[in-house]
Amino acid sequence: MGGKYEQEYLKSEEFQNQLKLKVGELLTDQEWRRRKMQMRISEEEGRLKKDEEETKEMWKRKREHEEQWEGTRENRVSVFITLHDYVHQLCIVVRSQRKNI
Numbered sequence: 091m092g093g094k095y096e097q098e099y100l101k102s103e104e105f106q107n108q109l110k111l112k113v114g115e116l117l118t119d120q121e122w123r124r125r126k127m128q129m130r131i132s133e134e135e136g137r138l139k140k141d142e143e144e145t146k147e148m149w150k151r152k153r154e155h156e157e158q159w160e161g162t163r164e165n166r167v168s169v170f171i172t173l174h175d176y177v178h179q180l181c182i183v184v185r186s187q188r189k190n191i
């Protein structure tokens with residue numbers, strides 16, 4: 091199948107130039123794909139880092155809120171006891187007034 095002509099064409103300057111162009115295109119395309127993949131990997135790593143930081147911040151806020159809530163416990167208990175005592179005294183007054191009616 092045209093072995094002699096094919097061998098001559100493969101040795102020709104025209105073929106060598108076309109081969110160099112094609113190899114250059116393939117290498118350029120491969121490098122472009124590699125860089126694009128690296129960019130996607132970097133973007134994903136950035137997104138994961140951002141998610142991790144947001145999660146840490148959320149847990150920090152939750153912990154601070156719980157600490158603040160616990161820090162006001164004594165005050166809440168005191169207010170509740172005061173309110174309870176006030177209601178209890180009010181009930182005593184109302185009962186005594188009913189007895190006097």
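Numbering (the numbering used here), first residue to last: 91 to 191. Think of the CB as a built atom: it goes at the ideal place given N, C-alpha and C, for glycine as much as any other residue.
Could you tell me the alpha carbon to alpha carbon distance between Leu-138 and Trp-122, rounded to whole angstroms? Numbered from 1 along the sequence shown, position 48 holds the residue referred to as residue 138. Numbered from 1 along the sequence shown, position 32 holds the residue referred to as residue 122. When rounded, the distance between both Cα atoms is 24 angstroms.
Which residues mark the beginning and the end of the alpha helix (DSSP H) in which Ser-132 is found? Reading the sequence shown from its first residue, position 42 is the one you call residue 132. First-last of the alpha helix (DSSP H) with Ser-132: 103-161.
Reducing DSSP to helix, strand and coil, say where Ile-171 ends up. Your numbering for residue 171 matches position 81 in the sequence shown. Looking at Ile-171 - three-state DSSP - the assignment turns out to be helix.
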